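Colleague: Encoded as structure tokens, here's the structure I'll be asking about.
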Amino acid sequence: MALDKEVFKEELKQRLRENYAMELEDASKQEIFYALGALVKARYSDAWRDTWKYYVDKHKKQVYYFSIEFLPGRMLKSNLLNLGLLDTAREALTDLGIELDSLAEVEKDMALGNGGLGRLASCFMDSIASCGLPGNGNGIRYDYGLFKQRFVDGYQVELPDEWLQSGNIWEIRRESKAVDVRVGGRVYLAETIEGKLKPVYENERILRAVPYDTGMVGYENNVVNTLRLWSVEIPDSEEDKYQSIQGRRELEDLTAVLYPDDSNEHGRLIRLTQEYFFVSAGIQSIIRHYKKRVQKPISNLSEYISIHINDTHPALCVPEMMRILVDEEDLSWEQAWDITGKVMSYTNHTIMAEALEKWSIDLMRRTLPRMYQIIEEIDARYVQTMRELHPHDLVERTRIIRNGQVHMAHLSIIGSHSTNGVAKLHSDLLKSVVLHDFYIIYPDRFNNKTNGIAQRRWSQIVNEPMSNVLDETIGKTWRKDSGDLKLLMNYQSDQAVLEKLAEAKKINKQVLADYILETTEIEVSADAIFDVQIKRLHAYKRQLLNLLHIIKLYQDIKENPDLDMQKRVFIFGAKAAPSYHYAKVIIKCINEAANLINNDSDIKDRIKIVFLPNYNVSLAEKIIPAADVSEQISLASKEASGTSNMKLMLNGAITLATLDGANVEIRDAVGDDNIYIFGLTEKEVYEYYENQEYSAHQLYDENPIIRRVLNAFIDGTIPNIVYEGREIFDSLIKYNDEYFLLRDFDSYVKAQEEIDKAYGDQIFWQKMSLINIANGGRFSSDETVRRYAEDIWKIEPKDSFVTEKG
Ligand code: 73E
1 MALDKEVFKE ELKQRLRENY AMELEDASKQ EIFYALGALV KARYSDAWRD
51 TWKYYVDKHK KQVYYFSIEF LPGRMLKSNL LNLGLLDTAR EALTDLGIEL
101 DSLAEVEKDM ALGNGGLGRL ASCFMDSIAS CGLPGNGNGI RYDYGLFKQR
151 FVDGYQVELP DEWLQSGNIW EIRRESKAVD VRVGGRVYLA ETIEGKLKPV
201 YENERILRAV PYDTGMVGYE NNVVNTLRLW SVEIPDSEED KYQSIQGRRE
251 LEDLTAVLYP DDSNEHGRLI RLTQEYFFVS AGIQSIIRHY KKRVQKPISN
301 LSEYISIHIN DTHPALCVPE MMRILVDEED LSWEQAWDIT GKVMSYTNHT
351 IMAEALEKWS IDLMRRTLPR MYQIIEEIDA RYVQTMRELH PHDLVERTRI
401 IRNGQVHMAH LSIIGSHSTN GVAKLHSDLL KSVVLHDFYI IYPDRFNNKT
451 NGIAQRRWSQ IVNEPMSNVL DETIGKTWRK DSGDLKLLMN YQSDQAVLEK
501 LAEAKKINKQ VLADYILETT EIEVSADAIF DVQIKRLHAY KRQLLNLLHI
551 IKLYQDIKEN PDLDMQKRVF IFGAKAAPSY HYAKVIIKCI NEAANLINND
601 SDIKDRIKIV FLPNYNVSLA EKIIPAADVS EQISLASKEA SGTSNMKLML
651 NGAITLATLD GANVEIRDAV GDDNIYIFGL TEKEVYEYYE NQEYSAHQLY
701 DENPIIRRVL NAFIDGTIPN IVYEGREIFD SLIKYNDEYF LLRDFDSYVK
751 AQEEIDKAYG DQIFWQKMSL INIANGGRFS SDETVRRYAE DIWKIEPKDS
801 FVTEKG
């Protein structure tokens with residue numbers, strides 16, 4: 001319901017009086033932010049309750065998206081936008097002498113995720129609600145989000161992210177919905193009087209799981225779904241067991257921190273317990289709701305409930321559902337197995353071997369004894385059934401328990417009805433290579449769902465200057481349906497439109513330049529090309545290749561001081577997992593190269609390097625609208641999809657990419673002329689793996705440019721990296737360059753030279769940029785979740801939403 005500006009002002013003042021006993025004039029930004037947050041929350045609380053009631057009354061099938069990470073970032077502006085209040089709020093606040101944007105900065109990022117996987121989960125939450133789909137998130141309420149990153153002497157330093165320090169305005173603690181989760185101890189099976197085998201628990205620990213719910217507000221559709229995050233507490237019944245501070249700490253630490261790993265798995269007890277904790281709490285609460293509210297026989301569960309396993313971290317959903325159905329609901333194993341398979345579906349997000357989770361049998365048995373018994377039974381039955389249908393070897397390779405380990409991806413595939421990859425190329429690789437054995441066994445289970453992004457956030461909210469040009473040019477329908485961005489294609493030769501888009505970009509670049517100056521004291525010109533690489537730091541993503549090219553440019557200018565080139569600012573944003581030594585070495589080298597180049601007067605500002613610390617969702621929101629070039633340069637086959645590639649194109653950046661992940665689909669969307677592609681293809685990479693013919697040393701010997709660039713790491717050219725430089729050098733030469741940086745170097749340099757040339761012709765550049773914006777709508781997570789809803793979850797949108805859309 002629309003809200004009048006004057007009423008808005010009055011309500012805000014009223015809330016300040018109620019919550020803080022204070023007049024607006026005396027209130028701090030913090031206090032005004034909380035009052036505004038409370039106002040916004042009150043605006044959707046009725047819709048939240050009604051949505052839930054509607055799903056129950058209409059017996060709607062619901063999906064529960066289980067993810068160990070969610071990365072919503074700030075929610076104020078997104079909630080205001082979705083409630084149709086953004087303009088009203090902005091105007092009302094302006095009248096009161098307050099700037100909405102600076103108020104929004106008060107909100108701490110909710111950073112309960114590492115990177116793409118967690119952000120995708122949050123984009124899906126937004127889109128599921130915005131499409132009127134009955135769907136909820138289920139995860140962990142970590143006390144500390146992903147660490148805060150600082151640089152000290154060029155090294156990454158990690159500080160705790162105390163995001164809850166001043167409270168979290170959006171969440172509601174629901175004590176009455178708490179459940180108990182049992183871990184550890186011993187479990188054996190004993191016969192009941194009815195002659196059934198039932199598990200008996202001994203010396204187990206009971207954890208109290210308390211849910212905190214956050215409303216996921218749909219875009220102008222009165223739908224508010226729920227993100228439920230679980231926090232651990234000590235149950236009253238167990239208080240006497242936790243007398244010591246240390247004992248309490250251990251337990252309370254369970255939901256204290258998010259594991260700061262991306263594509264690197266550290267087999268740690270706490271992590272496994274975290275996984276079971278949120279899985280068990282989530283499934284118990286789903287079943288409780290089903291029995292109490294849906295009130296249908298448990299055998300009909302799959303008609304009303306769908307559970308999505310986001311990567312393998314929630315794979316225990318399979319045995320936990322079996323436990324509840326068999327141990328607690330008294331179903332036969334066969335019936336329970338049939339239901340579980342129908343309810344569960346699974347997404348794979350990576351082919352990196354080290355990220356495919358495996359747990360030792362010993363750890364699993366000690367930590368989660370009942371889970372292990374059930375997994376053993378699933379495994380034994382799998383082997384028994386498949387032996388009759390497939391060769392022995394194939395069955396052995398695909399079973400869940402192998403070589404003393406429990407394979408969580410195998411469990412997820414065997415225990416669900418759908419396995420999907422996150423971009424076409426990735427899904428094909430799953431079928432042909434990574435999960436090929438499973439594809440032979442279950443060909444019908446495999447499918448692709450290319451990732452998408454919450455377009456409203458990544459265009460309207462973060463990029464107002466561009467949004468205004470779009471409104472003036474193609475009308476406002478694109479704000480609801482990003483497919484309408486296509487209309488912009490009619491203006492690709494309209495000089496006035498191209499100029500307006502260029503002006504909008506310039507405004508964003510100036511804003512970022514100011515931020516860079518403020519945070520790093522580096523002065524950059526908004527006339528330079530803003531060349532951006534923002535993502536987790538990982539060898540396969542090849543931030544180092546970017547650096548090698550920068551060093552080449554530096555050496556070229558030193559050799560030829562009058563070198564004619566476009567000015568460039570290379571902007572990095574990346575966190576390295578604290579235990580990922582090599583990634584941290586790369587950070588140090590980039591920072592030292594920055595120091596060298598930024599302060600060398602011979603360079604005359606033609607190149608600048610800016611490594612912005614603490615890359616997170618809010619920083620992405622500042623960088624992305626200002627980007628000219630989007631670096632998507634992972635080794636082909638390694639990046640499952642990527643999603644910053646989609647956000648950057650939507651904001652008019654030109655992609656410089658390998659044919660990896662969703663880059664392939666971006667190329668298909670914009671055409672070869674509006675993207676810069678370089679490097680090995682995924683097929684060529686696999687050929688190298690097979691023929692073992694790659695020699696980085698040979699490239700070093702034969703290519704003087706490569707030699708000069710690499711030598712800069714060990715001959716003192718880049719200062720202060722005596723050890724780090726050697727390590728980089730050795731990784732490339734002595735250990736033969738695992739990610740083929742040197743093999744792709746020449747074609748990368750060539751693509752960069754073409755970009756340099758293209759930017760010189762502004763009309764040409766702006767046209768490419770426009771074509772990227774116009775085709776950005778294709779990667780909307782609205783569309784992605786609709787595909788999941790239709791093909792996998794079998795859920796339908798709220799009726800009123802269907803009629804609204806016609
Ligand atoms: O390519 C990205 C993808 O866009 C992929 O690396 C990332 O997921 C994104 C969303 O689909 C991803 N993260 C993880 N695996 N894949 C991961 C693995 C272990 C721990 C935390 C995250």
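Residue numbering for the sequence shown follows the UniProt record's numbering, starting at 1 and increasing by one per position.
All C-beta atoms in this analysis are idealised placements derived from N, C-alpha and C, irrespective of residue type, glycine included.
The structure displayed is predicted, hence computed values, not measured ones.
#1: Measuring straight from C-alpha to C-alpha, what distance separates ARG248 and ASP261?
#2: If you follow the beta strand (DSSP E) that MET344 is in, where does it begin and where does it stop?
#3: Name the residue from ALA209, GLY215, GLU220, GLY218 whose alpha carbon lies nearest to the alpha carbon of PRO235.
#4: Can PRO443 and ALA504 be called in contact, C-beta distance under 7 Å?
#5: Are the Cβ atoms of ARG150 and PRO613 separated by less than 7 Å?
#6: Taking only the alpha-carbon atoms, compute the straight-line gap between TRP793 and ALA640 and give it to the nearest angstrom.
#7: Going by the beta-carbon positions, is the gap between THR255 and ILE140 smaller than 7 Å?
#8: What residue from SER780, THR784, LEU635 has the CA that sits closest to residue 850's CA?
#9: Can you look up HIS549 in the DSSP assignment and give me helix, strand or coil?
#10: Which value, in whole angstroms, describes the spacing of the CA atoms of residue 815 and VAL179?
#11: Quick check on DSSP: helix, strand or coil for GLU18?
#12: Quick one: Cα of VAL469 to Cα of ARG568, how far?
#13: So if DSSP puts ASP161 in a beta bridge, which residue, or which two residues, is it bridged to?
#14: Short check: CB of SER29 to CB of ILE461, under 7 Å?
#15: Just verifying my parser: in three-state terms, what is the DSSP assignment at LEU3?
#16: Examine the ligand 73E and report whether any of its heavy atoms sits within less than 6 Å of the Cβ of GLU31.
#17: Return helix, strand or coil for PHE438, following the three-state DSSP convention.
#18: May I ask you to verify whether the stretch 77 to 92 touches the stretch 330 to 340, counting CB pairs closer than 8 Å and requiring at least 3?
#19: So, using beta-carbon positions, are PRO319 and ILE374 closer together than 7 Å?
#20: What is the rounded straight-line gap between the Cα of PHE33 and the Cα of GLN555?
#21: Given this structure, state the Cα-to-Cα distance separating LEU269 from ARG365, to the nearest angstrom.
#22: Under 6 Å Cβ to Cβ from ASN736, same chain only, skipping five residues before and after it: list those, please.
#23: Where in the stretch 645 to 725 do unbroken runs of the beta strand (DSSP E), each at least 3 residues long, occur, reported from the N-terminal end onward?
#24: When burial is assigned at 16 or more other CB atoms within 10 Å of the CB, is GLU239 buried or exposed?
#25: Can you check whether the CB of ILE677 is closer than 7 Å to the CB of LEU648?
#26: Could you check which residue in THR419, HIS390, ARG205, TYR382 has the C-alpha nearest to that of ARG402?
#27: Flag LEU117 as yes when its Cβ comes closer than 6 Å to any non-hydrogen atom of the ligand 73E, and as no otherwise.
#28: Hey, out of LEU146, ILE339, ASN138, SER102, whose CA is closest to MET110's CA?
#29: Would you report the Cα separation of ASP437 and ILE763, rounded to the nearest angstrom?
#30: Once the 5 residues before and after ARG323 are set aside, which same chain residues still bring their CB inside 7 Å of it?
#31: Who pairs with VAL179 in a beta bridge, going by DSSP?
#32: Helix, strand or coil for PHE124? Go by DSSP, reduced to three states.
#33: Could you tell me the boundaries of the alpha helix (DSSP H) in which TYR276 lies?
#34: Any heavy atom of the ligand 73E within a distance shorter than 6 Å of the CB on ASP261?
#35: Whose C-beta lies closer than 8 Å to the C-beta of VAL185 among residues of the same chain, with five residues either side of it excluded?
#36: Hey, how far is the Cα of ALA789 from the Cα of ARG536?
Modeller: Short version:
#1: 26 Å
#2: 344 to 347
#3: ALA209
#4: no
#5: yes
#6: 22 Å
#7: yes
#8: Any question about residue 850 goes unanswered here, given that the chain covers just 1 to 806.
#9: helix
#10: In this structure the chain extends from 1 to 806, so residue 815 is not present and cannot be described.
#11: In this structure, DSSP gives GLU18 a helical state, which the three-state scheme calls helix.
#12: Each residue's alpha carbon lies about 26 Å from the other.
#13: GLY145
#14: Per the sequence shown, residue 29 should be read as Lys rather than Ser. No. Outside cutoff.
#15: coil
#16: no
#17: helix
#18: no
#19: Taking 7 Å as the Cβ cut-off, PRO319 and ILE374 qualify as a contacting pair.
#20: 50 Å
#21: 11 Å
#22: ALA696
#23: 654 to 657
#24: exposed
#25: 7 Å or more divides the Cβ of LEU648 from the Cβ of ILE677.
#26: TYR382
#27: Flag set: Cβ of LEU117 near the ligand 73E.
#28: LEU146
#29: In this structure, the CA atom of ASP437 is about 51 Å from the CA atom of ILE763.
#30: ARG370, ILE374
#31: ALA209
#32: Secondary structure of PHE124 (DSSP, three-state): helix.
#33: 269 to 289
#34: yes
#35: The sequence given here places Gly at residue 185; Val does not occur at that position. The residues are TYR201, GLU202, ASN203, GLU204, ARG205, PRO369.
#36: 29 Å
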